[in-house]
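The numbering used here numbers the first residue of the sequence shown as 1206 and each following residue consecutively. In this text, a Cβ means the ideal position worked out from N, Cα and C, and glycines have one as well.
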Amino acid sequence: MDGAAPQRRQDCVGTVLAFPARTGGVMTLPPASRVAELLKARFPASDIDVMQESDILRIEVRYRNASSLFAVIGDERSLLLVALGASPEPSSSIPLSNERGRVTAGCGETSPDGMPRPCTSLALCVASDLVSQAVWAAQLARTLLEVPLPRRWAHVQGVAGQARSLAPILGGDAELLEASAWLHDIGYSLDLVDTGFHPLDGARYLRDGEHADRALCSLVAYHSCAIIEAEERGLAAELSAEFESPDARLADALAYCDMTTTPAGNVVSVNDRISEIAERYGPHSVVTRFIRKAEPSLISSVLRTNQRLCLAH
1206 MDGAAPQRRQ
1216 DCVGTVLAFP
1226 ARTGGVMTLP
1236 PASRVAELLK
1246 ARFPASDIDV
1256 MQESDILRIE
1266 VRYRNASSLF
1276 AVIGDERSLL
1286 LVALGASPEP
1296 SSSIPLSNER
1306 GRVTAGCGET
1316 SPDGMPRPCT
1326 SLALCVASDL
1336 VSQAVWAAQL
1346 ARTLLEVPLP
1356 RRWAHVQGVA
1366 GQARSLAPIL
1376 GGDAELLEAS
1386 AWLHDIGYSL
1396 DLVDTGFHPL
1406 DGARYLRDGE
1416 HADRALCSLV
1426 AYHSCAIIEA
1436 EERGLAAELS
1446 AEFESPDARL
1456 ADALAYCDMT
1466 TTPAGNVVSV
1476 NDRISEIAER
1486 YGPHSVVTRF
1496 IRKAEPSLIS
1506 SVLRTNQRLC
1516 LAH
């Protein structure tokens, strides 16, 4: 709460790319040692390992910043393919394997619900030709919340679970919503506190410290009618000047996830959730004033999302 700028985290993150080294029994890629030499010359700032495993060539690239990996993975993928003499197009005949959630750089295995277990490297993997934004978000949220704020971490896990349940109505935005669910409360982390208003502090960190997608930053900044609380705190002008309003359907969906999840991560009705927040903060809190003003809008968001779910089944 001292207003100090959040420190950028220096966790090591990585991506694993897997290429078939043989086609029809014939080697189609250079030996692993030659590939490593090419890539290290091309990417001197990255720590690269290349391993030959039977007919698969595995390339592991490690970075010092999670956002660097996510922001440039598309370009890096193309450059890696070019370095190997392959087509940079996503439709390349040398496909990436589905490595989501696999063990890399010292990570533990994934848990039964698909959530990556704790790891010191924050390793990220390539799923088809994309980095999983939700996996990155889950690991970042875990790092910021699990130990210092375990109750907040429990809530976030529940919100992410609700987000996954909305996949049938979100199409290509399902990954973005799940990522925003994991990250919506990271502004509570003591490492990130600046204004003391967690939607704004969290969104600023994602934008400035992680160079995250604009749509993701907007969802975090405005989640669950945050603009109404920003008005109560005198921060509405800052929030609206720095972040554009998110897609209304996704804003509804994130509010649904947040407002139907208890602090312990359990599913609850929106009315009970709002009552619990007001009771927890007390009648004189800015949060209570906000939640009562936002109540009609929050309930409407939940109802609209429920209607979309009903129409999808």
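Helix, strand or coil for residue i, going by three-state DSSP, please let me know.
i: V1473; result: coil
i: E1265; result: strand
i: T1466; result: strand
i: V1255; result: strand
i: V1398; result: coil
i: G1407; result: helix
i: E1415; result: coil
i: L1424; result: helix
i: D1457; result: helix
i: D1390; result: coil
i: G1377; result: helix
i: A1328; result: Because the pLDDT of A1328 is 27, which lies under 50, any placement of that residue in the model is unreliable, and the question is left without a value.
i: I1482; result: helix
i: D1280; result: Here the model assigns D1280 a pLDDT of 44, short of 50, so the residue's position is not dependable, and the following value carries that caveat. Helix at D1280.
Looking at the secondary structure, which residues open and close the alpha helix (DSSP H) in which residue i lies?
i: S1370; result: P1355 to S1370
i: S1450; result: First-last for S1450: undefined, no H or E at that position.
i: S1429; result: Unbroken run through S1429: none, as it is neither H nor E.
i: F1495; result: V1491 to A1517
i: V1340; result: Q1338 to L1350
i: L1440; result: Careful: L1440 lies outside any alpha helix (DSSP H) and carries neither H nor E.
Tell me which same chain residues have a C-beta within less than 8 Å of the C-beta of residue i, skipping the five on either side of it?
i: I1482; result: V1492, T1493 and I1496
i: E1380; result: S1337, Q1338 and A1339
i: G1487; result: T1493
i: A1441; result: I1432 and A1435
To which residues of the same chain is residue i closer than 7 Å at the C-beta, ignoring the five residues directly before and after it?
i: S1502; result: C1430
i: R1369; result: E1383
i: E1437; result: V1491, R1494 and F1495
i: A1237; result: V1255, M1256, Q1257 and L1262
i: D1403; result: Here the sequence assigns His to residue 1403, which means Asp is not the residue at that position. Same-chain partners within the cutoff: D1390, G1392 and Y1393.
i: E1447; result: none
Looking only at C-alpha atoms, which of the options sits nearest to residue i?
i: H1428; options: A1456, V1507, S1474 and S1490; result: A1456
i: A1342; options: V1472, P1488, E1383 and E1443; result: E1383
i: Y1393; options: A1442, E1443 and P1355; result: P1355
i: A1365; options: G1377, A1386 and L1350; result: A1386
i: D1396; options: I1374, R1513 and L1350; result: L1350
i: E1449; options: T1510, M1464, A1460 and R1409; result: R1409
i: D1452; options: D1378, T1466, N1511 and A1499; result: D1378
i: T1466; options: V1507, G1376, G1487 and R1513; result: V1507
i: S1505; options: A1517, R1454, V1398 and H1518; result: R1454
i: A1517; options: G1376, R1347 and D1477; result: G1376
Would you kindly check if the distance between the Cβ of residue j and the Cβ of residue i is under 8 Å?
i: V1425; j: G1407; result: yes
i: I1432; j: S1445; result: yes
i: C1515; j: Q1367; result: no
i: V1475; j: M1464; result: yes
i: A1372; j: L1405; result: no
i: I1374; j: R1513; result: yes
Within the same chain, show all residues whose beta-carbon is closer than 6 Å to that of residue i, passing over the 5 residues directly before and after it, in chain order.
i: G1470; result: A1359, H1360, Q1362 and G1363
i: K1245; result: I1253
i: P1468; result: R1356 and H1360
i: E1294; result: Caution is warranted here: a pLDDT of 34 is assigned to E1294, below 50, making its placement in the model unreliable, and no coordinate value can be reported.
i: T1186; result: Residue 1186 lies beyond the range of the chain shown here (1206 to 1518); nothing can be said about it.
i: I1479; result: I1496 and E1500
i: K1498; result: I1433
i: D1477; result: none
i: V1352; result: none
i: E1443; result: none
i: E1281; result: Low confidence applies to E1281: its pLDDT is 46, below 50, so where it sits in the model is not reliable enough to give any reading.
Under 7 Å: does the beta carbon of residue i sit that close to some heavy atom of the ligand MG?
i: D1463; result: This structure lacks the ligand MG; in fact it carries no ligand of any kind.
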